[in-house]
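What follows is a set of notes on a single structure, which appears directly below.
Number of protein chains: 2
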Amino acid sequence: MLELSFENHIMTQFDEELEEIRTRLMEMGGKVEQQLKNAILSIHNGDSKLAQDVIDQEKFIDQMEKDLDDSCILVIARRQPAASDLRLVMAVTKAVNDLERIGDEAKKIAIHSIILSGEDNKKSGYPEVRHIGASVSKMLSDALTAFARFDAEAAMKTFNQDVQIDLDYKTALRELMTYMMEDPKSITHVINILWAVRSLERIGDHTKNLCEQIVFVVQGKDIRHD
Amino acid sequence: MLELSFENHIMTQFDEELEEIRTRLMEMGGKVEQQLKNAILSIHNGDSKLAQDVIDQEKFIDQMEKDLDDSCILVIARRQPAASDLRLVMAVTKAVNDLERIGDEAKKIAIHSIILSGEDNKKSGYPEVRHIGASVSKMLSDALTAFARFDAEAAMKTFNQDVQIDLDYKTALRELMTYMMEDPKSITHVINILWAVRSLERIGDHTKNLCEQIVFVVQGKDIRHD
Numbered sequence: 010m011l012e013l014s015f016e017n018h019i020m021t022q023f024d025e026e027l028e029e030i031r032t033r034l035m036e037m038g039g040k041v042e043q044q045l046k047n048a049i050l051s052i053h054n055g056d057s058k059l060a061q062d063v064i065d066q067e068k069f070i071d072q073m074e075k076d077l078d079d080s081c082i083l084v085i086a087r088r089q090p091a092a093s094d095l096r097l098v099m100a101v102t103k104a105v106n107d108l109e110r111i112g113d114e115a116k117k118i119a120i121h122s123i124i125l126s127g128e129d130n131k132k133s134g135y136p137e138v139r140h141i142g143a144s145v146s147k148m149l150s151d152a153l154t155a156f157a158r159f160d161a162e163a164a165m166k167t168f169n170q171d172v173q174i175d176l177d178y179k180t181a182l183r184e185l186m187t188y189m190m191e192d193p194k195s196i197t198h199v200i201n202i203l204w205a206v207r208s209l210e211r212i213g214d215h216t217k218n219l220c221e222q223i224v225f226v227v228q229g230k231d232i233r234h235d
Numbered sequence: 010m011l012e013l014s015f016e017n018h019i020m021t022q023f024d025e026e027l028e029e030i031r032t033r034l035m036e037m038g039g040k041v042e043q044q045l046k047n048a049i050l051s052i053h054n055g056d057s058k059l060a061q062d063v064i065d066q067e068k069f070i071d072q073m074e075k076d077l078d079d080s081c082i083l084v085i086a087r088r089q090p091a092a093s094d095l096r097l098v099m100a101v102t103k104a105v106n107d108l109e110r111i112g113d114e115a116k117k118i119a120i121h122s123i124i125l126s127g128e129d130n131k132k133s134g135y136p137e138v139r140h141i142g143a144s145v146s147k148m149l150s151d152a153l154t155a156f157a158r159f160d161a162e163a164a165m166k167t168f169n170q171d172v173q174i175d176l177d178y179k180t181a182l183r184e185l186m187t188y189m190m191e192d193p194k195s196i197t198h199v200i201n202i203l204w205a206v207r208s209l210e211r212i213g214d215h216t217k218n219l220c221e222q223i224v225f226v227v228q229g230k231d232i233r234h235d
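Right, here's the structure in full:
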């Protein structure tokens, strides 16, 4: 499904550098994906150890962002890429930023997870987290696959998954508000769920940005805010 | 207070292009700053018309982001900038993204402002919005001034303002939780304030990113996550 190939110049050190950047972006994506999954899982299992692990791992994602950004600037300075090569490098500098922010939101979920794990077995809001968490995880996974394959069509399909996530998010907000009004003693608990769900919604937005970058690399079209 | 000058190459069309990019970034910053101020003001004055104006203006900020990003890519492709010139262009592509997201958060505040304006004169949480809103507005204004002057020292000082904003944010959250627990009928109202305050806190984070980019342009140091 490779829609774009970088074969129009012969395989040189430059190609290897581009390929390496892409590989490292995929590694970073995989790591972020795992962080998100672990953060969601830690809420459901009341697993504060796993949540702490998510928090501890975040610094490696931060470092990946800095390193990849460095490499991109170096490639631009040394190789002066043009056309699709330049688009790829520019898209990677944006994508690493979104991936880092997804990692950041996963860390926030993990922080709320630790607070929730200290409570007396309150579970209201957990189905909402599971449901939206599963949708967002799938969306991120699909976006990374589309990036790996330079598949703009798959990126657009993935982009559109966010519509349903936003609807589910709004429904969840209404339900969480009802829980609080029916049982004001649950407010502290529900607010933690609320922040976790909000983080998931934000991750959906960052994943949309990733999809926009894929379309930009492959088709040269800037579809942001369209 | 110009700590960095781009005078080491004679004034050419290239310099003019860089200067134009910088000027347009400042224009975008000024626009975003106004949006933030109007969004906060609209809450205090219950001015849904002003809030609607903030919402309507957002599309112009989106367009500024796309146009500036285009210009940056064009400059890289045509001029192959190096060293501080390249850093400037790369920093601008990141800064426009943060400015656009600040504009996005201002729009979110405006949406909550419209909902709040339809309520029966409830004002709990308004002092918190005013207080944090004023700090965040000042921080953004200082960051833009530091960018205009390429003043890394001022950027670092501005960066550190976020510590107090985060403390005030946490205090505000506790107060808002107390309002809800004391008067469960106020939950819907307070949740709208909560989202507005959260948006302000996010704007503080994006402004920190702007400060990091200034240090990167001027000193070539990547201080993110330090």
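From first to last, the protein sequence lines are chains A and B.
In this note's numbering, each number is its position in the first sequence, counted from 1, plus 9.
In this note's numbering, each number is its position in the second sequence, counted from 1, plus 9.
Quick reminder that beta carbons are idealized off the backbone N, C-alpha and C, glycines included.
- In this structure the region 101–116 of chain B touches the region 40–49 of chain B; the number of beta carbon pairs closer than 8 Å is three or more.
- Distance from the CA atom of B:Arg96 to the CA atom of B:Ala86, rounded to whole angstroms, is 14 Å.
- Not a single CB atom of chain B sits nearer than 8 Å to the CB of A:Asp56.
- Pairing B:Leu77 with B:Val105 gives a Cβ-Cβ distance under 8 Å.
- Sequence-ordered contacts of the region 189–207 of chain A with chain B read Met189, Met190, Pro193, Ile196, Thr197 and Ile200 [C-beta pairs closer than 7 Å].
- CA-to-CA, the gap between B:Asp129 and B:Asn54 works out to about 13 Å.
- At least 8 Å separates the beta-carbon of A:Ile141 from that of A:Ser57.
- Spanning the alpha carbons of A:Ala92 and A:Ala164 requires a straight line of approximately 20 Å.
- For A:Thr216, the enclosing alpha helix (DSSP H) stretches over residues Ile196 to Gln228.
- Contact of B:Gln222 with chain A by beta-carbon distance below 8 Å is absent, the smallest such distance being about 11 Å.
- Per DSSP, the unbroken alpha helix (DSSP H) holding B:His121 starts and ends at Ala92 to Ser126.
- When Cβ-Cβ separations below 8 Å define contact, A:Ile82 makes contact with chain B.
- Think of a sphere of 9 Å around the beta carbon of B:Leu108: no beta carbon from chain A falls inside it, the nearest being about 13 Å out.
- Three or more beta-carbon pairs drawn from the region 214–225 of chain B and the region 139–156 of chain B are found closer than 8 Å, and the two stretches are therefore classed as touching.
- Distances from the alpha-carbon of A:Val145 to those of A:Leu185, A:Arg88, A:Arg207 and A:Glu162 put A:Arg207 closest.
- In this structure, B:Ala119 keeps its C-beta atom at 8 Å or more from the C-beta atom of B:Ser195.
- Chain order gives no chain B residues near A:Arg183, where near means a beta carbon separation below 7 Å; the closest approach is about 10 Å.
- In the structure shown, B:Ile232 adopts coil according to DSSP, grouped into three states.
- For B:Phe168, the enclosing alpha helix (DSSP H) starts and ends at Ala161 to Glu191.
- Non-local C-beta neighbours of B:Ala181 in its own chain, meaning closer than 7 Å and more than five positions away in sequence, comprise Glu137, Ile141 and Val206, ordered along the chain.
- Closer than 8 Å to the CB of A:Ile85 there is at least one CB belonging to chain B.
- Measuring C-alpha to C-alpha distances from A:Ile212 to each of A:Glu25, A:Asp235, A:Thr32 and A:Val41 identifies A:Val41 as the nearest.
- Closest option to B:Ile64, judged by alpha-carbon separation, among B:Glu25, B:Asp160 and B:His121: B:His121.
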